[in-house]
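Numbering (our numbering), first residue to last: 565 to 948.
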């Protein structure tokens, strides 16, 4: 196996485990509530604190990508996140559990701050395809996360699931430590003068706004979908709803990876957003077992938006792939930080159905912004 392929396999592997970890958390929210005796507003803090830790490091590492030593950061992040999963598994109180998810976000930020810059320089002519394939692997892990939750609950309890994940990260650290370090020679160091110009770049600024709105939808579904459906479906079925949703990410992201090489990326995202808005409205309306079919369709259409937007923006200024990646994750992490807890507070006051309806508004705003930007892009091309 050549070095490029080995690094790709290593990065894809830990990203898949991140997917499993994130969706495991959503599937186990009812179990956390029972174990520690907390309600919806406190449970929403798990995702929010994880996002705080993530933002603190992904922005720093992404901006400094050209100056960092890649191997120690990635290997240290893998060892750190394995240790934190063991902390979560042994948490005696809810405060310790919150600290565990905060630290998990910190170490994930170290890893995600560098993985796409590395892939960007390994595959400079196929970013859209590779980013979507990477996210497809994330989706495979995310699909397995709720299954791991169900198995752990059936056998020993939720803590065992985090022990399994902790042990899975360590072999990847060993493999990456033994590899030759990939080159980021094309990456430019970001100066203060570059920051304002980069953010004002139309594609980069629009990407940030769109990914923030998308993160509201994804964080809401990742965190509250099983909890919402548990009100009208058996708990085991509700827990597996995340598996249904994320199973659609696998064929969805594969489809986006092919389409991104043939269709204008922004057009692809805008049309997908319009379809997603309609599907989310149907999801809120139908309820019951029929909602599982709609959930699958929503997952398929939403799945490729993040990697396609990131590739679209990176293609405009590839020498700043690290900072663009940091901006994308910063926008996404902000949404994951504020929206799950906002939905929890909203649900306690008005009920879960009105809280889930906020997802339709968020995706509607995404669709509007995408089409406004698409219209501006076409006007500039016509003028040119």
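Even for Gly, the Cβ is constructed at its ideal location relative to N, Cα and C.
* Asked: Can you find at least 3 beta carbon pairs, one from the stretch 778-797 and one from the stretch 812-831, that sit closer than 8 Å?
  -> Segments in contact, no.
* Using alpha carbons as the reference points, say which of 705, 799 and 740 lies closest to residue 718. => The residue given as residue 718 occupies position 154 in the chain shown. With distances taken between Cα atoms, residue 718 lies closest to 799.
* **residue 726 versus 589, 912, 605 and 607, residue with shortest Cα-Cα distance** => Working through the chain shown from its first residue, we reach residue 726 at position 162. Considering only alpha carbons, the answer is 589.
* In the DSSP assignment, find the unbroken alpha helix (DSSP H) run with residue 765 in it and report its ends. => On the chain shown, residue 765 is found 201 positions in, with the first residue counted as 1. Per DSSP, residue 765 belongs to no alpha helix (DSSP H) and is neither H nor E.
* Could you check the C-alpha separation between residue 651 and residue 587 for me, to the nearest Å? => What you label residue 651 is simply residue 87 of the chain shown in a count that begins at 1. What you label residue 587 is simply residue 23 of the chain shown in a count that begins at 1. Answer to the nearest angstrom: the Cα atoms are 18 Å apart.
* In the stretch 611-697, which residue ranges form an unbroken alpha helix (DSSP H) of at least 4 residues, counting only runs that do not cross its ends? -> As far as the stretch 611-697 is concerned, its whole alpha helix (DSSP H) runs of at least 4 residues are 634-653 and 658-686.
* Assigned exposure category for residue 807 - 16 Cβ within 10 Å defines buried -> Taking the first residue of the chain shown as position 1, residue 807 is located at position 243. Classification for residue 807: buried.
* Cβ pair count under 8 Å reaching 3, the stretch 611-622 against the stretch 897-907 -> The stretch 897-907 and the stretch 611-622 touch, with three or more beta-carbon pairs separated by less than 8 Å.
* To do: For the alpha helix (DSSP H) containing residue 847, list its first residue and its last residue.
  => Within the chain shown, residue 847 is the residue found at index 283, counting from 1. For residue 847, the uninterrupted alpha helix (DSSP H) run begins and ends at 829-850, by DSSP.
* Asked: Is residue 782 helix, strand or coil when you go by DSSP?
  -> Against the chain shown, residue 782 aligns to sequence position 218. Residue 782 falls in the helix class under three-state DSSP.
* Asked: With burial defined as no fewer than 16 other Cβ atoms inside 10 Å of the residue's Cβ, what is the status of residue 572: buried or exposed?
  -> The residue you call residue 572 lines up with position 8 of the chain shown. By the beta-carbon neighbour count (other beta carbons within 10 angstroms, threshold 16), residue 572 is buried.
* For residue 678 and residue 694, the rounded distance between their alpha carbons -> Within the chain shown, numbered from 1, the residue matching residue 694 stands at position 130. Within the chain shown, numbered from 1, the residue matching residue 678 stands at position 114. Residue 694 and residue 678: Cα-Cα distance of roughly 15 Å.
* To do: Compare the C-alpha of residue 875 against each of 634, 767, 585 and 608 and name the closest.
  => Reading the chain shown from its first residue, position 311 is the one you call residue 875. Ranking 634, 767, 585 and 608 by Cα distance to residue 875 puts 767 first.
* Classify residue 853 as helix, strand or coil using the three-state DSSP reduction. => One-based indexing of the chain shown puts residue 853 at position 289. DSSP places residue 853 outside both helix and strand once states are collapsed to three, so it counts as coil.
* To do: Spatial neighbours of residue 879 within its chain, please: CB distance less than 7 Å, with the 5 preceding and 5 following residues excluded, ordered by chain position.
  => The residue given as residue 879 occupies position 315 in the chain shown. These residues qualify, in order along the chain: 691.
* To do: Pair every Cβ in the stretch 928-939 with every Cβ in the stretch 832-847, then say whether three or more of these pairs are closer than 8 Å.
  => Touching, yes, given that three or more Cβ pairs across the two stretches are closer than 8 Å.
* **For residue 715, three-class secondary structure by DSSP** => Taking the chain shown and counting its residues from 1, one reaches residue 715 at position 151. In this structure, residue 715 counts as helix in the three-state DSSP scheme.
* When you compare only the Cα positions, how much space is there between residue 825 and residue 581? -> For the purposes of this step, residue 825 is identified with residue 261 of the chain shown, where counting begins at 1. For the purposes of this step, residue 581 is identified with residue 17 of the chain shown, where counting begins at 1. If you take the alpha carbons of residue 825 and residue 581, they lie about 27 Å apart.
* **residue 805, DSSP secondary structure in three states** => Position 241 of the chain shown, counted from the first residue, corresponds to residue 805. In the structure shown, residue 805 sits in a helix (DSSP, three-state: H, G or I).
* How should residue 987 be labelled, buried or exposed, when 16 other C-beta atoms within 10 angstroms of its C-beta is the threshold for buried? -> As shown, the chain starts at 565 and ends at 948. That puts residue 987 outside it, with no answer to give.
* **Residue nearest to residue 666 in terms of C-alpha spacing, selected from 770, 591 and 897** => For the purposes of this step, residue 666 is identified with residue 102 of the chain shown, where counting begins at 1. Residue 666 has its Cα closest to that of 897, out of 770, 591 and 897.
* Asked: For the 8 Å Cβ check, are there 3 or more pairs between the stretch 598-605 and the stretch 725-742?
  -> As far as the Cβ criterion goes, the stretch 598-605 does not touch the stretch 725-742, which means the pair count is below three.
* To do: Using alpha carbons as the reference points, say which of 743, 834 and 740 lies closest to residue 774.
  => Here residue 774 refers to the residue found at position 210 when the chain shown is read from its first residue. Checking every option, the nearest Cα to that of residue 774 belongs to 834.
* **Helix, strand or coil at residue 880 [DSSP, three-state]** => Here residue 880 is taken as the residue at index 316 of the chain shown, counted from 1. Three-state result, residue 880: helix.
* Asked: Going by Cα to Cα distance, which pick from 863, 804 and 891 is closest to residue 592?
  -> If you number the chain shown from 1, residue 592 lands on position 28. It is 804.
* Asked: What is the rounded straight-line gap between the Cα of residue 706 and the Cα of residue 946?
  -> As a position in the chain shown, residue 706 is number 142, starting the count at 1. As a position in the chain shown, residue 946 is number 382, starting the count at 1. Residue 706 and residue 946: Cα-Cα distance of roughly 42 Å.
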